[in-house]
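Here's the structure, in structure tokens; my notes come after.
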Amino acid sequence: MNALLSPADIDAIWLTLKLAFTVTILLLLLGTPLAWWLAHSRARWRGAINALVALPLILPPTVLGFYLLVAMGPNGPLGRLTAEVGLGALPFTFAGLVIGSLIYSLPFVVQPIRDAFIAIGPRPLEVAATLGARPIDAFFSVVLPLARPGFLTATVLGFAHTVGEFGVVLMIGGNIPNETRVVAIQIYDHVEALEYTQAHWLAGGLLAFSFIVLLALHTLNDRQAKR
Amino acid sequence: MSHDSALHFDLALDLPQLSIQAAATLPPRGVTALFGPSGAGKTTLLRMIAGLESGGRGQIRLGDTTWQDTHTTRRLPTHRRELAYVFQEASLFTHLTVRDNLAFGLKRARSTDHTIRFDDAVAWLGVGHLLDRRPERLSGGERQRVAIARALLAQPRLLLMDEPLSAVDADGRDAILDTLEQLPGRLGIPIIYVSHSIEEIARLADHLVLLSAGRVLAAGPTNEILTRCDLPLAHGAHAGAVLQARVVAHHPDEHLSRLAFDGGQLLLSTLDRSVDSAVRLRIAARDVAIALSEPADSSVINHLQAIIVDLADDPNPAHCLVRLQVGEAVLLARITQHSRRRLALKPGMAVWALVKGVAVR
């Protein structure tokens, strides 16, 4: 038997990890203010934004991917914008994949953080203010530590979900080695080529990875609760 | 900086179920109680003073510092008002130890001359043995002690307390009340204490602001408000007067202590206080009887000469209330309408007040 994983498999794994890291970090940075707004705003269109954030949960990935492809295309609004600022076309690039994944994984990051903010409620912020903490100080010294379980869940779910995406990648990323060929696509290719052994190694690896991630999440949350 | 810390407020706020329209100027020292039935707007008013309630209008001034002014739209955010707030329920930061909770306010103290030191606050509130614990491992009473110490360490110029004992069991409450009684003498800042417990107020408050449906019904020294027959407090089951007294002597052979107040002297069963120490006494209206002459053959040992100031009907048709001037002090007596007619009691009459029971606080 040759090596368990071919060089192409290893490339796919690296690309997948790179994508998942990039997307998770960006989502934590962008999703936190959005989650804060969703938790605290009394604006009338908050409900609509909430629904929009949740949309990727129920939308078939191909539908999402289709619209993204249209939007990023040379005649789409996003495509025109990127052409205008000299970034070139996004479809079938790593950057395009990042944007697609940001939207696809958005609810998995925003919702746990939003729920953590809601669960904390206004009282700790009021207490902090009466003790002389300015709002930004109160956010970092009180809200962030109290919302830690929410951030943990958001990070793990956002990362794992990006690792496992397939439909959106297929629609907007295609199958370009080292650019858009992630593990899920690689498995699909192996199966198409009837390379079941290779597919088993990658699929089994993904299965084990997902299980370990969820197990770690539960263990960490339990430990947090017990402290 | 001026050391005058009188709080003046004139505030209005319209809420669906309550409309606040309240103004008062509070004394610069001591405890002022905000008292009233639930729904009177006590907590809302306190939150407005702290800047925690949005949408209100009006003016707030502490000494010469303006916190809020309708005309200039000047409105200091809560974190820039030199106050501290003790919330009704435990409000400790659960991600921090007791020590770090205490340090939170100290680190952010708005005044740089730390007049209240960490060790003092810890000692006053008796939380030294709890410093390394987490809030969830404290009892309700311990949590509030830590919350009060944390508030003091923020070096406030005004301390706000919103029913701090409502989530504490009876034993813990009594112990914390003992601690709170000591605070005014140690702090020299005004304290506003929200409560609907007449007992807490009788023990703590020097001053009383009576709220009803968002409005100030009356404000003044505690005993004056407690004994005014035109106010609801004099008509409750726990109506009575609060007197500031001083231990004069102990009589060990009789197991009695002699106390002096502005209107005379009282004999009580032996008090565990040293001679000359100040004691707050509570005399319930139902424990005061009235006689036209000093009885020589009564078992009641405390007889005080008094002048009837005011008579008022009680909600109970069998009873009436008598407001008595005893020297500089005022007592309240609840007697039957029958006795009132039989003795022909009228304002201005000189009578004897017979005091059957005195509660020491």
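Read top to bottom, the protein sequences are chains L and U.
Under my numbering, the first residue of the first sequence carries the number 1044, and numbering increases by one thereafter.
Under my numbering, the first residue of the second sequence carries the number 10, and numbering increases by one thereafter.
Using N, Cα and C, we set each Cβ at its ideal position, and we do this for glycine too.
For residue 44 of chain U, not one C-beta of chain L is nearer than 8 angstroms to its own C-beta.
Note on geometry: alpha-carbon atoms of residue 336 of chain U and residue 356 of chain U lie some 16 angstroms from one another. Restricting attention to U:257, U:269, U:279, the CA atom closest to the CA of residue 263 of chain U is found in U:279. Note that the C-beta distance between residue 1222 of chain L and residue 1137 of chain L is below 8 angstroms. Chain L places no beta carbon closer than 8 angstroms to that of residue 270 of chain U, leaving this residue out of the contacts. Residue ranges of uninterrupted alpha helix (DSSP H) with 4 or more members, entirely inside the region 230-309 of chain U and ordered along the chain, are 231-236.
If the five residues before and after residue 1203 of chain L are omitted, its C-beta is found closer than 7 angstroms to the C-beta atoms of 1253, 1256, all from its own chain and listed in chain order. Rounded to the nearest whole angstrom, the C-alpha separation of residue 260 of chain U and residue 266 of chain U is 6 angstroms. About 20 angstroms separates the Cβ atoms of residue 227 of chain U and residue 212 of chain U, ruling out a contact at the 8 angstroms cut-off. Residue 343 of chain U is classed as buried because its beta carbon has at least 16 other beta carbons within 10 Å across all chains shown. A distance below 7 angstroms between beta-carbons, with the five flanking residues on each side excluded, links residue 79 of chain U to the following residues of its chain, in chain order: 66, 67, 68.
Contact annotation: in the region 323-344 of chain U, no residue has its CB less than 8 angstroms from a CB in chain L. Following the DSSP letters along the chain, one finds residue 67 of chain U inside the beta strand (DSSP E) bounded by residues 66-71. Between the region 87-97 of chain U and the region 1167-1178 of chain L, the count of Cβ pairs shorter than 8 angstroms is three or higher; the stretches touch. Under the criterion of beta carbons closer than 8 angstroms, residue 239 of chain U and residue 338 of chain U do not qualify as touching, at roughly 19 angstroms.
The CB of residue 1240 of chain L never comes closer than 8 angstroms to any CB in chain U; the least such distance is about 49 angstroms.
Interface annotation for the region 1188-1220 of chain L against chain U: 1188, 1189, 1191, criterion Cβ-Cβ distance under 9 angstroms. With respect to the C-alpha of residue 245 of chain U, the residue from U:225, U:329, U:303, U:282 having the closest C-alpha is U:329.
For residue 343 of chain U, the uninterrupted beta strand (DSSP E) segment begins and ends at 338-345. Taking C-beta atoms as the reference points, residue 1104 of chain L and residue 1209 of chain L count as a pair closer than 8 angstroms. In this structure, residue 163 of chain U keeps its C-beta atom at 8 angstroms or more from the C-beta atom of residue 72 of chain U. Against chain L, the CB of residue 202 of chain U has no partner CB under 8 angstroms away; the residue lies outside that interface. Comparing alpha carbon positions, the residue from L:1049, L:1062, L:1050, L:1051 closest to residue 1206 of chain L is L:1062.
Residue pairing by DSSP places residue 332 of chain U opposite U:319, U:341 in a beta bridge. For residue 1223 of chain L, there is no enclosing beta strand (DSSP E), since its DSSP letter is neither H nor E. Taking 8 angstroms as the upper bound for CB-CB distance, residue 1152 of chain L and residue 1189 of chain L are not in contact here, some 18 angstroms apart.
Against chain U, the beta carbon of residue 1169 of chain L has neighbours under 7 angstroms at 61, listed in chain order. Residue 221 of chain U is bridged by DSSP to U:224. Cβ neighbours of residue 1139 of chain L within its own chain (closer than 7 angstroms, five residues either side excluded): 1115, 1133, 1215, 1216. The DSSP-derived three-state label of residue 141 of chain U is coil. Residues of chain L whose Cβ lies closer than 7 angstroms to the Cβ of residue 100 of chain U are, in chain order, 1166, 1170. Judged by pairs of C-beta atoms under 8 angstroms, the region 154-162 of chain U touches the region 123-136 of chain U, as three or more such pairs exist. At a beta-carbon threshold of 8 angstroms, the residues of chain L lying near residue 93 of chain U are 1173, 1174, ordered along the chain. Of all C-beta pairs linking the region 167-179 of chain U to the region 194-205 of chain U, three or more are shorter than 8 angstroms, placing the two stretches in contact. Of all residues in the region 1175-1186 of chain L, those with a C-beta nearer than 7 angstroms to a C-beta of chain U are 1175, 1176, 1177, 1185, reading in chain order.
In the DSSP annotation of this structure, the continuous segment of the alpha helix (DSSP H) that includes residue 58 of chain U starts and ends at 51-59.
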